[in-house]
Amino acid sequence: MKLWGGRFQKPTDKKVDDFNSSIRFDSRMYKQDIQGSMAHAEMLGKQGIIPKADSELIVKTLGEILADIESGKVEFEIDAEDIHMNVEKLLTERIGDAGKRLHTGRSRNDQVALDIRMYLKDETEEILQMLKKLLGTIISLAEQHTDTIMPGYTHLQKAQPITFAHHAMAYFEMFSRDVSRLTDCRKRTNVMPLGSGALAGTTYPLDREFVASKLGFGSVTQNSLDGVSDRDFVIELASCLSVIMMHLSRFCEELILWSSHEFAFVEMDDAFSTGSSIMPQKKNPDVAELIRGKTGRVYGHLMGLLTTMKGLPLAYNKDMQEDKEPIFDAIDTVKLCLPVFNDMIATMKINKDNMLKGAKGGFTNATDAADYLVKKGLPFRSAHEVVGKMVLYAINNNKTIDEFTMQEFKACSDIFDEDIYDAISMETCVNGRNITGGPAKEMVEKAIADAKTRLKSL
Ligand code: ARG
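Letter by letter, the sequence shown follows residues 1 to 458 in my numbering.
Encoded structure:
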């Protein structure tokens, strides 16, 4: 018989059992469910709501059940619907009436809210560690490439020269914001809902703060309806995960481009590439492509969760069981992508020569040629026009600006002098941009040093 079978005269249709059951996917919260029940039982005993001896027996037996689940000795049952009732059923089978006392002053509605908060807190912690590792990898990549000049782009057109270190450190900023977003989201997840009951709290003198502190929560929820019907923290996490995937995907998109023959800026290690079953020459950046592809499913989960919640009257509705699969899959996806991405970028080969060649072609020093004229007194708009004409001339004559003879320079403007060659060298273009946040070697070195300190305090 069902744990709730008292008022029923017929068994549930088999199809409904399967349809209703969430054990297939919520069994992964077994540890949080058991820890939550242990804290609840201990509190019930402490408050004299159930006999102390029962409370102790429940806690002890739950510990044994946990160990049995972890050593693979337990098979969950579809009939018992979800992880909460599966655990309670196991407990009651083992200790009878004492086990039946566990659910006093509690509903599955506040129980599931507790479990999912605990589970998401644990997973957030793991994702934070992975992000921090990635930040460390980005720093060490950057450290090796403060002199590696490459073209910076806007509109995917060559714009101005930067260094690979500067480019990599842009991603340090993005992923460190992801750390900060997750840390913030965890604060709102870290609120303990037990005591909300089904929706209207309970008549038992529960000690909610005791349970909260036992389980490591910072505070308790302040409204029983909200306590059981709030899934904002699930949506927020899905949103944080979507932004992480968006960042990974942008970097992957660049790596895919850069791995092409046309760019040849980077080469993925053989261990992080795959071949083609028909074209023997191929070495494909599948890992980067798959991460880019998986971004779509995480975005989809965010949209799914928002849509599931949008029409729900207060308080709990069974629709909310549909929060689990999307958020679990979003978490699994991010946890799958971060380590493989980390190792892929840690092992990729950077083709310095091609990056430099790329920076030199495409007139990335045109701004600097104009700035040269400005520093010698020409208004910027006029300088812009002079250099624009120079670029056109260069294109027609199949050369770069730095390949101009002094005569060619003079023909464009008599302001030009011998020092123009140094003024528009790639090194000068990069290192002259020594403003805070700029690509100059000294600034990037400072940014890296600063990033190391920031990483320690994350
Ligand atoms: N399996 C349910 C969920 O994941 C647990 C809560 C069910 N509560 C209820 N009264 N049916 O949301």
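For glycine and all other residues, C-beta sits at the position ideal for the given N, C-alpha and C.
Computed from a prediction, not measured in an experiment: that's the story for all the values here.
In the three-state scheme derived from DSSP, where H, G and I count as helix and E and B as strand, A212 is classed as helix.
Distances between the C-beta of N109 and the heavy atoms of the ligand ARG include at least one below 7 Å. Around Y171, the same chain offers I138, H247, F251 as residues with beta carbons nearer than 8 Å, after the five sequence neighbours per side are excluded.
Proximity of the beta carbon of Q321 to the ligand ARG is indicated: a heavy atom of the ligand is located closer than 7 Å.
Under DSSP, the beta-bridge partners assigned to G152 are Q160.
C-alpha of G311 to C-alpha of E236: approximately 18 Å in a straight line. Relative to the non-hydrogen atoms of the ligand ARG, the Cβ of K318 comes within a distance shorter than 7 Å of at least one. For the pair K335 and I127, the CB atoms are nearer than the 8 Å cut-off. In the three-state DSSP reduction, T367 falls in the helix class (H, G or I).
Residue state for M245 is assigned as helix, using DSSP reduced to three classes. Within the chosen limit of 7 Å, the ligand ARG reaches the beta carbon of S22 through at least one heavy atom. Between K352 and V243, the alpha-carbon positions lie close to 30 Å from each other. Taking C-beta separations shorter than 8 Å and ignoring five residues to either side along the sequence, the partners of I256 in its chain run P285, A288, E289, R292, following chain order. Residue environment analysis places D230 among the buried positions, since at least 16 neighbouring C-beta atoms fall within 10 angstroms of its C-beta. Placement of the Cβ of D17 at a distance of 7 Å or more from every heavy atom of the ligand ARG is found. The secondary-structure analysis by DSSP pairs E267 across a beta bridge with K349. With a threshold of 16 other beta carbon atoms within 10 Å, G304 meets it and is buried. Residue P11 holds the alpha-carbon nearest to the alpha-carbon of D79 among L114, P11, D68. Beta-bridge analysis with DSSP links N284 to T274. By the CB criterion at 8 Å, D343 and F265 fall outside the cutoff. The beta-carbon distance between P161 and V387, rounded to whole angstroms, is 16 Å. This is too long to meet the 8 Å contact definition. Taking C-beta atoms as the reference points, G195 and R208 count as a pair closer than 8 Å.
Going by beta carbons, V391 and A411 fall outside the 8 Å limit. In terms of side-chain proximity, the C-beta atom of V112 is found nearer than 7 Å to a non-hydrogen atom of the ligand ARG. Judged by DSSP secondary structure, K121 falls within the alpha helix (DSSP H) whose first and last residues are 108 to 144. For D402, the CB contacts under 8 Å within the same chain, skipping 5 residues up- and downstream, are K360, N365, Y421, I424, S425 in chain order. Residue burial is scored here from C-beta neighbours: N397 has fewer than 16 other C-beta atoms within 10 angstroms and is therefore classed as exposed.
At least one heavy atom of the ligand ARG is found less than 7 Å from the C-beta of D26. Residue burial is scored here from C-beta neighbours: H301 has at least 16 other C-beta atoms within 10 angstroms and is therefore classed as buried. Secondary structure of V430 (DSSP, three-state): helix.
With three or more CB-CB distances shorter than 8 Å, the region 74 to 94 counts as touching the region 9 to 28.
H84: member of the alpha helix (DSSP H) spanning 83 to 95, first to last residue.
Apart from sequence neighbours up to five positions away, the residues of its chain that approach M118 with a beta-carbon distance below 6 Å are Q32, ordered along the chain. Between the ligand ARG and H84, a heavy atom-to-CB distance of less than 7 Å is present. Distances between the C-beta of K89 and the heavy atoms of the ligand ARG are all 7 Å or more.
If you check the CB distance, L199 and Y316 come in under 8 Å.
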